[in-house]
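**Student:** The working numbering numbers the first residue of the sequence shown as 100 and each following residue consecutively.
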Amino acid sequence: MTTPPSVPLRIALVNGSFEQPAVASMEILPDASQTQAPRQVPGWLTTASDHMIELWRSGFNGVPSAEGAQFAELNANEVSTLYQDLATTPGATLYWRLYHRGRLGQDTMALDIGAPGAAVEQRRFTDGNTAWGYYTGTYTVPAGQTVTRFAFRSVSAAGGNRGIGNFLDGIFFGTAPHVVLTKTAVPTGPLEIGDVLTYRITATNEGGGAAENLVLTDAVPAGTTYLPGSLRIVEGPNTGPKTDAPGDDQAEYDPDAGKVVFRLGDGASAVQGGSLANTETLPAGTTVEYRVTLDRASAGKEVRNTATASYENRLGDTPETLVATSDETVTEVNPAADLTVAKAADATTVTVGQTVTYRLTVANRGPDDATGVTVADQLPDGLVFLSADGSAGAYDPAGGQWTVGDLAAGATATLTLRAKATEPGRITNTATATGNEKDPEPGNNSDSATVCVQRAPACCDPCAAD
Ligand SMILES: [Ca+2]
Ligand SMILES: [Ca+2]
Ligand SMILES: [Ca+2]
């Protein structure tokens with residue numbers, strides 16, 4: 100099995116709309132080969148012996164441009180061919196489109212495409228001087244042709260002078276648009292539940308023609324919640340924050356569908372996508388971002404996300420809808436375990452010399468198994484340790500710590516702690532649980548029990564003053 104040759108994604112004329120360099124009204128300028136000149140016309144070459152190309156500003160002599168602010172006259176001072184040579188791959192399908200117009204009356208021009216020196220006439224265009232004609236077509240690069248010339252040749256012009264006439268504008272010759280989406284999640288994991296994750300998605304057009312009606316959609320991934328007010332275009336056309344609401348700017352969050360939508364590119368609006376130029380014009384493309392909060396449901400899991408974009412190739416006769424899918428981001432979320440502690444005393448009033456019995460329960464409400472669970476419970480002054488019996492682990496009276504160990508989600512462990520009361524008074528002590536995992540609800544990790552120690556049975560109330 101053979102791998103087909105890879106076609107370069109981006110093949111496109113340079114300066115196809117004759118917008119560079121800017122001219123005030125009309126100017127005859129050197130072609131792109133004349134690099135010693137202070138100004139040239141980028142991209143274009145001419146067979147004219149003086150290497151000159153004529154550019155008009157829209158409105159000069161009453162002629163409006165077809166696209167942008169400038170256009171070209173095919174011949175400046177002499178009959179010639181205007182062309183560009185492009186590196187091409189055999190088999191590639193190239194689209195062309197152009198605007199053509201007569202100057203004094205009906206002018207005729209030929210489009211030649213092929214190997215330099217052997218370009219083949221594709222079509223002739225005859226247009227009058229009252230409107231621009233618009234034409235499209237395709238060309239398949241033949242075998243062995245690694246350089247393709249795209250050339251305009253004057254055939255005839257009203258008035259009989261082939262050096263006058265044949266206006267050209269809005270020319271494209273090259274490959275279809277090809278949008279590439281790149282997605283990153285910041286910061287890279289592993290993260291804890293409750294952390295905020297920023298998704299950043301860049302769309303670049305690695306193809307030739309502009310990607311039209313570009314709309315990016317990203318489903319907010321399972322286990323996360325969209326952070327309100329976090330939509331932003333950070334690079335490219337229409338940069339700035341966007342509201343969550345639909346219908347007011349280039350982006351929205353749709354809570355019912357659980358997705359964010361961005362309409363991108365030049366001319367994008369609240370209702371439709373815009374036009375994304377290729378990376379020759381817009382190397383960085385356009386970048387958007389939004390944020391999510393990691394839910395409890397994401398604990399111990401991976402949050403995965405891909406974005407998609409739809410756009411149109413409008414180089415042909417009818418728009419062709421294309422789809423781009425980003426790489427997948429994978430964010431690892433650390434496990435979480437909600438530990439709880441309950442502590443009680445069998446009797447809340449005892450006499451000096453009697454035994455106080457505490458019962459401790461530590462539970463793991465999940466969602467993940469807990470490891471390294473310990474419960475700190477230091478006996479205060481007035482109590483002397485007697486014994487401890489637990490369902491798990493061991494109690495160290497010197498350190499005041501119950502080492503529970505692992506505690507599966509949903510499991511509980513208990514400890515019965517006995518101590519001798521040695522002084523009268525109110526004695527409160529607290530047990531606090533900690534584990535290795537993130538605890539989403541730290542407020543329920545401690546519990547206290549208060550015992551009143553009397554000097555003698557019913558002699559008095561040592562706790563009354565407190
Ligand atoms: Ca133009
Ligand atoms: Ca909005
Ligand atoms: Ca807790």
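By construction, the Cβ of each residue, glycine as well, lies at the ideal position given by its N, Cα and C atoms.
1) If you measure between the beta carbons of T456 and E388, is that distance less than 8 Å?
2) Compute the minimum distance between the beta carbon of E388 and the heavy atoms of ligand 2, and state whether it is under 7 Å.
3) Closer than 7 Å is what we want: which residues have a beta carbon that near any heavy atom of ligand 1? List them in chain order.
4) I'd like to know whether the C-beta atoms of V402 and G498 end up nearer to each other than 8 Å.
5) Going by the C-beta, is D355 closer than 7 Å to any heavy atom of ligand 5?
6) Rounded to the nearest angstrom, what separates A512 and V483 at their Cα positions?
7) Alpha carbon to alpha carbon, how far is Q205 from G415?
8) With a threshold of 6 Å on Cβ separation, who are the neighbours of D567 within its own chain once the five nearest residues in sequence on each side are excluded?
9) What is the DSSP secondary structure of P541, counted as helix, strand or coil?
10) Using a Cβ-based criterion (distance less than 7 Å to any ligand heavy atom), does K358 qualify as near ligand 2?
11) Could you compute how far the alpha carbon of D476 sits from the alpha carbon of G509?
12) What residues match up with W195 in a beta bridge as DSSP calls it?
13) Give me, in chain order, the residues of the same chain whose beta-carbon lies closer than 7 Å to that of G357; leave out the 5 immediate sequence neighbours on both sides.
14) Going by CA-CA distance only, name the one from T239, A171, T207 that's closest to G190.
15) Smallest Cα separation from D355: which of D348, G364, A344?
16) Going by beta carbon distance, what residues of the same chain come within less than 6 Å of T281, once the five residues before and after it are set aside?
17) So does A536 have its beta carbon nearer than 7 Å to some heavy atom of ligand 3?
18) Can you tell me where the beta strand (DSSP E) with W501 in it begins and where it stops?
19) Could you give the uninterrupted runs of the beta strand (DSSP E) lying entirely in the segment 320-393, keeping only those of 3 residues or more?
20) Taking buried to mean at least 16 other C-beta atoms within 10 Å of its own C-beta, is D347 buried or exposed?
21) Helix, strand or coil for S397 per DSSP?
22) Among residues of its own chain, excluding the 5 on either side of L108, which ones have a beta-carbon nearer than 8 Å to its beta-carbon?
23) Using only the alpha-carbon positions, how far apart do E351 and T287 sit?
24) Report the rounded CA-to-CA distance for A566 versus V429, giving the unit in angstroms.
25) Let me check you understand the geometry: is the CB of N528 closer than 7 Å to at least one non-hydrogen atom of ligand 3?
26) How is the beta strand (DSSP E) around W155 delimited, first residue to last?
27) Go ahead and label R223 buried or exposed: buried means 16 or more other beta carbons lie within 10 angstroms of its beta carbon, across all protein chains shown.
28) Just how far apart, CA to CA, sit Y234 and T225?
29) Helix, strand or coil for G161, going by three-state DSSP, please let me know.
30) Excluding the five sequence neighbours on either side, which residues of its own chain have a C-beta within less than 7 Å of the C-beta of N337, listed in chain order?
31) Mind checking if T549 is an interface residue toward chain B, Cβ cutoff 8 Å exclusive?
32) Could you work out which residue in N312, V333, K400, L326 is closest to Q371 when comparing CA atoms only?
33) Taking 8 Å as the threshold, find out whether the segment 149-159 comes into contact with the segment 115-131 through three or more Cβ pairs.
34) Which of the three DSSP states is assigned to G308 in this structure?
35) Whole angstroms is fine: what's the gap from D184's alpha carbon to A217's?
36) For A507, does the count of other Cβ atoms within 10 angstroms reach 16, so buried, or fall short, so exposed?
**Tutor:** Looking at the coordinates:
1) No, they are not a contact pair.
2) no
3) S116, F117, E118, S164, A165, E166, G167, A168, Q169, F170, D268, G269
4) no
5) Of the ligands this structure carries, namely ligand 1, ligand 2 and ligand 3, none is ligand 5.
6) 23 Å
7) 26 Å
8) This structure gives no information on residue 567, because the portion of the chain shown stretches from 100 to 565.
9) helix
10) no
11) One C-alpha to the other measures close to 22 Å.
12) G236, F272
13) A318, V319
14) For the residues T239, A171, T207, the minimum Cα distance to G190 belongs to T239.
15) Here the closest residue by C-alpha is A344.
16) Counting only Cβ-Cβ distances below 6 Å, and skipping sequence neighbours, we find T301.
17) In the sequence on display, residue 536 carries Glu and not Ala. Outside the cutoff, so no.
18) 500-506
19) 323-325, 331-334, 350-353, 358-363, 373-375, 385-393
20) exposed
21) helix
22) T274, H277, E305, G306, G307
23) 25 Å
24) Not covered by the structure: residue 566. The range shown for the chain is 100 to 565.
25) no
26) 151-156
27) exposed
28) Computed Cα separation, rounded: 11 Å.
29) helix
30) Within its own chain, the residues whose Cβ lies closer than 7 Å to the Cβ of N337, once the five positions on either side in sequence are excluded, are Q349, A367, listed in chain order.
31) Although the question refers to chain B, the structure presented lacks it and comprises just one protein chain.
32) Comparing Cα positions, the closest option is N312.
33) yes
34) Here DSSP, grouped into helix, strand and coil, assigns G308 to coil.
35) 12 Å
36) Answer is exposed; the Cβ neighbour count stays below 16.
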